[in-house]
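Asker: Numbered according to numbering that gives the first Met the number 0, the sequence shown terminates at residue 112, and the numbering increases by one at each position without gaps.
Positions of the beta carbon are idealized from the N, C-alpha and C atoms, including for glycine.
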Amino acid sequence: MHEMSLCEGVLQIIESEAKVQNFTKVKRVILEVGALAGVEIPALEFSFEVVMRGSIAEGAVLQINEVDAQAWCMQCAESVVVKERYDACPECGSYQLQVSGGDEMKIKELEVD
Ligand SMILES: [Zn+2]
């Protein structure tokens, strides 16, 4: 379950931010999860709770924003929205797509004390 290591990465970022910004409690964590990030939301929620236990983010509310993935269509020569990695272009049906975004997970916002 790679959601666990993703959450460990999040905690590392939170802890280093805490040192820089001098906060001691995290109230809310907003994560942006791309449609192609391969993240299972329930697993992410579970991992978050486990990993944050005993840290400054224990009990923090986890908010997950799912974002559409973007791909570049060679045929249309423009950026289109895709739901899955091997989707065809919604405009022209071509499979010559290059994913250009939405394949990652990142921290969007931290609400802290
Ligand atoms: Zn296209």
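Give the secondary structure of L43 by DSSP, where H, G and I count as helix, E and B as strand, and everything else as coil.
Answerer: The residue given as residue 43 occupies position 44 in the sequence shown. If DSSP states are grouped into helix, strand and coil, L43 belongs with the helices.
Asker: State buried or exposed for Q69, treating a residue as buried only when at least 16 other CB atoms are found within 10 Å of its CB.
Answerer: One-based indexing of the sequence shown puts residue 69 at position 70. So Q69 counts as buried.
Asker: If you measure from each CB to the nearest heavy atom of ligand 1 and keep those under 5 Å, what residues do you get, in chain order?
Answerer: Per the Cβ criterion, the list is C72, Q74, C75, C88, E90, C91 and S93.
Asker: Could I get the ranges of all uninterrupted alpha helix (DSSP H) runs contained in the segment 1 to 62, with 4 residues as the minimum, in chain order?
Answerer: Complete alpha helix (DSSP H) runs here, min 4: 1 to 20 and 40 to 51.
Asker: Would you please state the rounded distance, in angstroms, between the beta carbons of A56 and I29? I believe it to be under 8 Å.
Answerer: For the purposes of this step, residue 56 is taken as residue 57 along the sequence shown, with counting starting at 1. For the purposes of this step, residue 29 is taken as residue 30 along the sequence shown, with counting starting at 1. Not a contact, Cβ separation roughly 12 Å.
Asker: Going by DSSP in three states, Q97 sits in which element: helix, strand or coil?
Answerer: By 1-based counting over the sequence shown, the position of residue 97 is 98. Q97: strand per DSSP, three-state reduction.
Asker: Is the beta carbon of A76 closer than 8 Å to that of R27?
Answerer: Here residue 27 is taken as the residue at index 28 of the sequence shown, counted from 1. Here residue 76 is taken as the residue at index 77 of the sequence shown, counted from 1. Not a contact, by the Cβ cut-off of 8 Å.
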